[in-house]
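Numbering (the numbering used here), first residue to last: 20 to 304.
Next up, the structure:
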């Protein structure tokens with residue numbers, strides 16, 4: 020009995036040590052970047068992890084630096100917010116409506132369409148970037164916040180899997196009772212299914228917002244004008260500028276930290292609903 024207990028203690032200790040090492044390795048670059056964002060030393064290299072002096076000047080310089088005309092971080096931030104919020108609204112509506120149709124309605128080629136969408140979802144999204152660019156170019160929607168928003172959101176309906184799974188868990192008896200009372204499918208969707216689906220709606224909003232907020236590939240192809248850049252593309256200009264990051268590295272870190280704040284806050288506030296949405300959507304296919 021003592022031998023088994025000792026073996027379990029040793030095994031648990033080893034596991035916890037390994038997990039602790041993984042956490043340290045994963046968190047170290049993030050913590051280091053946050054600390055450097057408050058450092059007075061703007062050079063890329065520092066002899067110590069902790070700054071000798073802390074300052075908010077790096078964050079202030081993002082919005083009022085001498086080179087703001089060339090690196091308008093505030094404008095990039097607003098552009099990113101517009102694209103992310105617009106795409107989030109459109110994508111959420113499309114995903115919810117497509118998922119409702121596939122979950123509650125029966126029509127010809129339903130399973131075929133679902134399988135096609137599933138297969139298309141297996142391919143990385145960046146494979147369609149060039150095709151999207153030339154399609155949108157025909158309609159003069161490249162280098163445009165509207166065009167970029169549509170590019171992020173129009174194909175979102177193919178990601179119906181988790182939302183449909185959640186809708187499948189809502190009893191069909193609710194729909195049948197509503198139809199007996201004369202309710203249309205449109206009314207059932209907006210006034211009955213949506214109020215019961217708060218967790219999956221929160222999950223869809225989060226995933227729809229995070230993609231455009233953090234994406235670089237599609238935005239870098241679509242956007243060519245400095246004033247239309249999103250944060251990811253704009254910060255990239257600092258790296259390509261000769262020796263800019265070498266002398267303004269702490270400002271670069273401050274820009275990265277600032278763009279991460281909304282995502283962290285969203286996850287902290289909505290974590291409960293996010294987990295409930297995933298588990299509910301995965302329960303039934």
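We put the CB at the ideal spot given by N, CA and C, even for glycine.
Predicted model, so just to flag it, every value in this text is computed and none were measured.
- Residue environment: residue 134 is assigned as exposed (fewer than 16 neighbouring CB atoms within 10 Å of its CB, all protein chains considered).
- Under the DSSP assignment, residue 125 falls outside any alpha helix (DSSP H); it carries neither an H nor an E label.
- Taking all protein chains in view, the Cβ of residue 91 is crowded by 16 or more other Cβ atoms within 10 Å, so the residue is classified as buried.
- If you compare the alpha carbons of 147, 81, 271, 178 with that of residue 219, the shortest gap goes to 178.
- Just measuring C-alpha positions, the residue of 150, 111, 152, 118 sitting nearest residue 137 is 118.
- Beyond the five residues adjoining it in sequence on each side, residue 101 comes within less than 6 Å, by CB distance, of 164 in the same chain, given in chain order.
- Contact annotation: residue 106 and residue 168 have beta-carbon atoms nearer than 8 Å.
- Inter-residue distance for residue 48 and residue 197 is about 54 Å (C-alpha atoms, whole angstroms).
- If you check the CB distance, residue 98 and residue 249 come in under 8 Å.
- Your pair residue 231 and residue 286 does not check out as a contact, with CB atoms roughly 16 Å apart and the cut at 8 Å.
- Within the model, the alpha-carbon separation for residue 82 versus residue 109 is close to 30 Å.
- Residue 41 and residue 130 have their C-alpha atoms roughly 42 Å apart.
- 8 Å or more divides the Cβ of residue 63 from the Cβ of residue 270.
- If the five residues before and after residue 289 are omitted, its C-beta is found closer than 7 Å to the C-beta atoms of 221, 225, all from its own chain and listed in chain order.
- In this structure, 272 is the residue among 272, 279, 283, 284 with its C-alpha nearest to the C-alpha of residue 75.
- Rounded to whole angstroms, the Cβ separation of residue 175 and residue 114 is 5 Å, and the two are in contact under 8 Å.
- Going by DSSP, residue 230 is part of the alpha helix (DSSP H) stretching over 217–233.
- Three or more Cβ pairs drawn from the segment 234–245 and the segment 147–159 lie within less than 8 Å of each other, which places the two stretches in contact.
- Within the model, the alpha-carbon separation for residue 252 versus residue 166 is close to 16 Å.
- Annotation: the continuous alpha helix (DSSP H) that includes residue 256 extends over 250–259.
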